[in-house]
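Have a look at the structure below, then the notes.
In this note's numbering, the protein residues as written are 64 to 175.
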């Protein structure tokens, strides 16, 4: 694994992100530390309706969308393309986490 010395995370950067996005999250996948934010509704709509994610092989579409969600919401490190490529399941895991924290989770609904 290459060490990217340009990806130095500072307390100041974390505070700036918190001011901008309110809540940020940290996930650790293997040796990778990923800092990310929630997905906005408008971003979700853009990704779901984007025709560039409609591949001739429709089986690829969900994975292309997962990658798009991760690239859009990940704040750190900056080399997410490389990290996604090197870690086959990372995009699936992180996109699931992003979706859950963004409100796409099963809620406790009861009849009244």
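Glycine residues also receive a C-beta, built at the ideal position from the N, C-alpha and C atoms.
When you compare the CB positions of residue 102 and residue 165, do they come within less than 7 Å of one another, or not?
yes
Taking Cβ positions, are residue 132 and residue 158 nearer each other than 7 Å?
Against a cut-off of 7 Å, the Cβ pair of residue 158 and residue 132 comes out as a contact.
So, helix, strand or coil for residue 160, using DSSP?
helix
Which residue's Cα is closest to the Cα of residue 89: 81, 80, 99?
99
In terms of alpha-carbon separation, which member of 145, 127, 173, 107 lies closest to residue 163?
Nearest of 145, 127, 173, 107 to residue 163, Cα basis: 107.
Pull up the DSSP beta-bridge partners for residue 91, would you.
96
What is the rounded straight-line gap between the Cα of residue 110 and the Cα of residue 86?
Residue 110 and residue 86: Cα-Cα distance of roughly 21 Å.
Local conformation of residue 153 per DSSP, three classes
helix
Reducing DSSP to helix, strand and coil, say where residue 130 ends up.
DSSP places residue 130 in helix when its eight states are reduced to three.
Alpha-carbon spacing of residue 167 relative to residue 174, whole angstroms:
20 Å
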